[in-house]
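Let me begin by presenting the structure, written as structure tokens, before commenting on it.
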Amino acid sequence: MLRIRIVTIFPEFFAGPLSLSIPAKAAAAGSVVYEIVDLRDYTHDRHRTVDDYPYGGGPGMVMKPDPFFEAVETLAAQPPIVLLSPRGRHFTQADAVRYAACAELTLLCGHYKDVDQRVADHLATEEISIGDFVLSGGEPAALAILDATARLLAGAMSDHESAYGDSFFDRDLSAPSYTRPPVYRGHAVPDVLLSGDHQRIAAWRADEASRLSQLRRGRASENDPRNSLH
């Protein structure tokens, strides 16, 4: 069983999402347990202060290191301990696969202007970003990572193999999907998908994955045999 622990100043943020869909199914199957930790429980002043002014001046507030250190140490959290940060390495499907194989995963959510750098340097084992854009805090990023990880666990999806055919699982985007009706407002499903020829369908999907990966991500498919010519 995987334990996913989220350290946050907004524990209520996760109540709804964790009770729905894939995260809830994974938990009901006994594959994962969620532990939402209120960072303010690891403060020692009457205001439960988690932030302070930045050394050197400048706008915004910086989250203090001591509540993070005390929370992680009190909980005896084991790696990976991930700080969600815009300075972090981009999260990938490979990270989700790796996290799904762990016994536990701790996600540290920042807020305000920044988190004291000593948390990244001396507490977290990884610093991860979900993209080059600004969020109000680490909570949405933590939820994205949790969902990407939980869906790989046993019992999370009725068709477990579906998770292994998603975009990025083998580095590529996935091929387009279609369902009924076969023609809608004059737009038809590609004939090959209606052919029943599984070999042709597999080849079409591989070609489409390669084409879209090149078009939208500027990279050639690792599964494209043409790559072996270079």
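All residue numbers for the sequence shown refer to my numbering, where the first residue is -18 and numbers rise by one. C-beta: ideal position from N, C-alpha, C; glycine also.
Count the other CB atoms, across all protein chains shown, that sit within 10 Å of the CB of Asn208; report buried if there are 16 or more and exposed otherwise. Here Asn208 scores only 41 on pLDDT, less than 50, and its place in the model should not be relied on; the value that follows carries that caveat. By the 10 Å Cβ count, Asn208 comes out exposed.
By alpha-carbon positions, which one of Ala131, Pro162, Ile182 and Leu193 ends up nearest to Leu1? Ala131
Quickly, what does DSSP pair Arg(-16) with across the bridge? List them, please. Val14 and Glu85
What's the gap between the Cα of Leu56 and the Cα of Ser158? 44 Å
Short Cβ contact (7 Å threshold) for Glu189 with Ala156: yes
Presumed contact (8 Å Cβ cut-off) between Val53 and Thr87, rounded CB distance: 7 Å
Using a Cβ-Cβ cut-off of 7 Å (strictly less than) and excluding sequence neighbours within five positions of Pro206, which residues of its own chain qualify? Reliability fails at Pro206, whose pLDDT of 41 lies under 50, so the model's placement of it is uncertain and the value that follows must be treated cautiously. Taken in chain order, the list of residues that qualify is empty.
Return the chain-ordered list of same chain residues with a C-beta closer than 6 Å to the C-beta of Phe(-6), the five sequence neighbours on each side being excluded. Closer than 6 Å at Cβ, skipping near neighbours: Glu120.
Any idea what DSSP makes of Ala169, helix, strand or coil? strand
Pro(-2), enclosing alpha helix (DSSP H) - first and last residue: Element bounds for Pro(-2): n/a, residue is neither H nor E.
Taking Gly(-13) as the reference, give the member of Ser176, Tyr15, His92 and Ala(-4) with the closest Cα. Residue identity check: residue -13 is Ile in the sequence provided, not Gly. That would be Tyr15, whose Cα lies nearest to the Cα of Ile(-13).
Return the residue from the list Ile182, Leu154, Ile17 and Asp172 that minimises the CA-CA distance to Arg198. Measuring from the Cα of Arg198, the nearest candidate turns out to be Leu154.
Going along the chain, which unbroken runs of the alpha helix (DSSP H) with 4 or more residues stay wholly within the stretch 113 to 138? 120 to 131
N- and C-terminal bounds of the beta strand (DSSP E) containing Ile62: Per DSSP, Ile62 belongs to the beta strand (DSSP E) from Ile62 to His71.
I'd like to confirm the pairing. Which residues does DSSP put opposite His92 in its beta bridges? Gly118
Take Leu133 and list the residues in its own chain whose beta-carbon comes closer than 7 Å to its own, dropping the five residues that flank it on each side. Ala77, Val78, Ala81 and Ala144
Please work out which residues of its chain come closer than 7 Å, Cβ to Cβ, to Leu174, disregarding the five sequence neighbours upstream and downstream, and give them in chain order. These residues qualify, in order along the chain: Tyr159 and Ile182.
Backbone CA spacing between Val18 and Phe114 [nearest angstrom]: 26 Å
Assigned secondary structure, Ser191 (DSSP; H/G/I helix, E/B strand, else coil): helix
So, are the CB atoms of Leu89 and Leu127 less than 7 Å apart? no
So, using beta-carbon positions, are Val217 and Pro46 closer together than 7 Å? This structure gives no information on residue 217, because the portion of the chain shown stretches from -18 to 211.
Is Leu116 near Pro(-2), with beta carbons less than 7 Å apart? no
Over what stretch of residues does the beta strand (DSSP E) that includes Ile109 continue unbroken? Glu107 to Ser110
Ends of the alpha helix (DSSP H) at Arg246? Limits of the chain in this structure are -18 at one end and 211 at the other, which puts residue 246 out of reach.
Output yes if chain C places a C-beta closer than 7 Å to the C-beta of Ile(-15); else output no. No chain C is present in this structure, which holds just one protein chain.
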